[in-house]
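Peer 1:
In the numbering used here, the protein residues as written are 220 to 313.
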């Protein structure tokens, strides 16, 4: 398990398709660490329409994310994917 905390700075379009297991949806988004001169950035990918809707992310949200770092292999090439399994939004101060 890995963890990151920061601000959502970008959200990609929801991609959809169909596989042998049925319909699928995925969405990539970027979290930027705050308060550092050289901030870390994480590209995360939410898989499943129900998770996309559950997290309901927007650019500017402050989040604490727990995720699994995964990969897939195809024809000798490796593709990383950071899949969140818990996203907690921080309360915005008025």
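Glycine residues also receive a C-beta, built at the ideal position from the N, C-alpha and C atoms. Every value quoted in this text rests on a predicted model; they were computed, and no experiment measured them.
Could you tell me which uninterrupted beta strand (DSSP E) segments, each at least 3 residues in length, are contained entirely in the stretch 227-301, listed from first to last along the chain?
Peer 2: Fully enclosed beta strand (DSSP E) runs of 3 or longer: 234-238, 241-251, 260-266 and 281-293.
Peer 1: Do residue 230 and residue 255 have their CB atoms nearer than 9 Å?
Peer 2: At least 9 Å separates the beta-carbon of residue 230 from that of residue 255.
Peer 1: Please classify residue 225 as buried or exposed, where buried requires at least 16 neighbouring CB atoms within 10 angstroms.
Peer 2: buried
Peer 1: Check whether the Cβ of residue 242 lies closer than 9 Å to any Cβ atom in chain B.
Peer 2: Absent from the structure is chain B; it holds one protein chain and no more.
Peer 1: To the nearest angstrom, how far is it from the Cα of residue 291 to the Cα of residue 251?
Peer 2: 24 Å
Peer 1: Take residue 259 and list the residues in its own chain whose beta-carbon comes closer than 6 Å to its own, dropping the five residues that flank it on each side.
Peer 2: If we look at residue 259 and ignore the five residues flanking it on each side, its Cβ neighbours are 252.
Peer 1: Ignore the nearest five residues each way along the sequence and tell me which others in residue 300's own chain have a CB closer than 6 Å to its CB.
Peer 2: 264 and 289
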